[in-house]
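S.K.: In the numbering used here, the protein residues as written are 192 to 441.
(1) Please go through the same chain and pick out, in chain order, the residues whose beta-carbon is closer than 8 Å to the beta-carbon of residue 274, but skip the five residues on each side of it.
(2) What does the alpha-carbon distance come out to for the pair residue 251 and residue 244?
(3) Is it right to say residue 403 is buried, meaning 16 or more other beta carbons lie within 10 angstroms of its own, or is it exposed?
(4) Mapping the DSSP letters down to three states, classify residue 364 as helix, strand or coil.
(5) Whole angstroms is fine: what's the gap from residue 285's alpha carbon to residue 279's?
(6) Just verifying my parser: in three-state terms, what is the DSSP assignment at residue 388?
(7) Determine the direct distance from the alpha carbon of residue 199 to that of residue 206, and round the result to whole angstroms.
(8) By the 10 Å Cβ neighbour count, where 16 or more other Cβ atoms means buried, how is residue 435 classified, buried or exposed?
(9) Please list the segments of the alpha helix (DSSP H) lying wholly inside the segment 255-297, counting only runs of 4 or more residues, in order along the chain.
(10) Only counting the same chain, and skipping five residues up and downstream in sequence, which positions put a Cβ closer than 8 Å to that of residue 262?
(11) For residue 365 and residue 373, I'd like the C-alpha separation in whole angstroms.
(12) Starting from residue 373, follow its DSSP beta bridges and name the residues at the other end.
(13) Helix, strand or coil for residue 378? Go by DSSP, reduced to three states.
(14) In or out: residue 409 buried (at least 16 other Cβ within 10 Å) or exposed?
(15) Is residue 367 buried or exposed, if buried means 16 or more other CB atoms sit within 10 Å of its CB?
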């Protein structure tokens with residue numbers, strides 16, 4: 192009985208030691224596998240991180256390339272659009288200048304023919320016509336010339352001859368006038384400044400009228416060459432508007 196119990200205890204001890212040894216081996220294998228797993232996971236992460244970085248660089252490079260192509264295409268299209276607009280504007284300008292030149296030539300030729308006809312008629316019948324008839328013919332020819340222009344053009348010329356006086360400077364009590372390119376104030380004891388009504392009453396010839404208009408515009412602080420340039424510009428704009436109005440109605 193004692194021998195059987197001792198044998199059983201010995202067997203139990205062996206089993207327990209075997210279990211303990213198996214547990215130790217299991218723990219050792221577990222630690223080894225965990226270390227191997229950590230190493231493999233680290234290698235996998237590094238590999239995929241490198242692949243992701245390479246892919247990200249390729250992606251960013253491709254995005255930059257596509258954006259560059261987009262901006263280049265937009266710029267080329269903008270340049271083509273600007274070139275088309277410039278060509279259309281140049282074509283319109285050439286057509287307008289050609290039409291204006293042809294229109295001016297037609298008007299000048301018609302006025303020249305009328306002048307020649309009027310002069311020939313007046314020459315042939317000068318002995319038979321009275322001064323009143325001659326004056327009437329001149330007025331009629333002048334009215335025919337003025338009829339070629341619009342009422343706005345005539346009003347603009349009239350308004351230039353009756354331009355209002357410029358406002359006085361806050362530091363001046365008298366009106367201003369130009370002398371040798373310098374704006375001066377007219378005093379009571381100076382005779383350099385003349386009123387608008389006196390100038391208009393003395394404007395009997397074309398030269399006097401040009402001097403009057405120059406004086407009126409110079410009172411608005413314009414030099415004679417500036418006034419002449421402004422007058423040509425207004426006339427050109429008025430004739431262009433008249434031509435455009437006639438052709439738009441046609």
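Cβ atoms here follow ideal geometry from the backbone N, Cα and C, with glycine treated the same way.
M.R.: According to the structure shown:
(1) Within the chain shown, the letter at position 83 stands for residue 274. Here the set comprises nothing.
(2) Locating residue 251 in the chain shown gives position 60, where the first residue counts as 1. Locating residue 244 in the chain shown gives position 53, where the first residue counts as 1. Approximately 10 Å between the Cα atoms of the pair.
(3) Sequence index remark: in the chain shown, residue 403 carries index 212 (1-based). At residue 403 the pLDDT is 47, less than 50, meaning the model places this residue with poor confidence; the figure from the coordinates comes in the next sentence. With 16 or more Cβ atoms within 10 Å of its Cβ, residue 403 is classed as buried.
(4) Translated into the one-based positions of the chain shown, residue 364 becomes position 173. Three-state result, residue 364: coil.
(5) For the purposes of this step, residue 285 is taken as the residue at position 94 of the chain shown. For the purposes of this step, residue 279 is taken as the residue at position 88 of the chain shown. Distance between the alpha carbons of residue 285 and residue 279 is about 10 Å.
(6) Numbered from 1 along the chain shown, position 197 holds the residue referred to as residue 388. With a pLDDT of 46 at residue 388, under the threshold of 50, the modelled position of this residue cannot be trusted; read the value that follows with caution. Note: residue 388 maps to helix in three-state DSSP.
(7) The count along the chain shown starts at 1 and reaches residue 206 at position 15. The count along the chain shown starts at 1 and reaches residue 199 at position 8. Distance between the alpha carbons of residue 206 and residue 199 is about 10 Å.
(8) The residue you call residue 435 lines up with position 244 of the chain shown. Its Cβ having fewer than 16 others within 10 Å, residue 435 is exposed.
(9) none
(10) For the purposes of this step, residue 262 is taken as residue 71 along the chain shown, with counting starting at 1. No residues qualify anywhere along the chain.
(11) Position 174 of the chain shown, counting from 1, holds the residue named residue 365. Position 182 of the chain shown, counting from 1, holds the residue named residue 373. Computed Cα separation, rounded: 15 Å.
(12) Walking along the chain shown from the start, residue 373 turns up at place 182. According to DSSP, residue 373 bridges with 370.
(13) On the chain shown, position 187 is the one that residue 378 refers to. Three-state DSSP puts residue 378 in coil, outside helix and strand.
(14) Counting from one through the chain shown, the residue named residue 409 turns up at place 218. Any reading at residue 409 needs caution, since the residue's pLDDT is 45, under 50, leaving its predicted position unreliable; the model's value is listed next. Sixteen is the threshold: when 16 or more other Cβ atoms of the shown chains lie within 10 Å of the Cβ of residue 409, as they do, the residue is buried.
(15) Indexing the chain shown from 1 puts residue 367 at position 176. Residue 367 is buried by the Cβ-count criterion.
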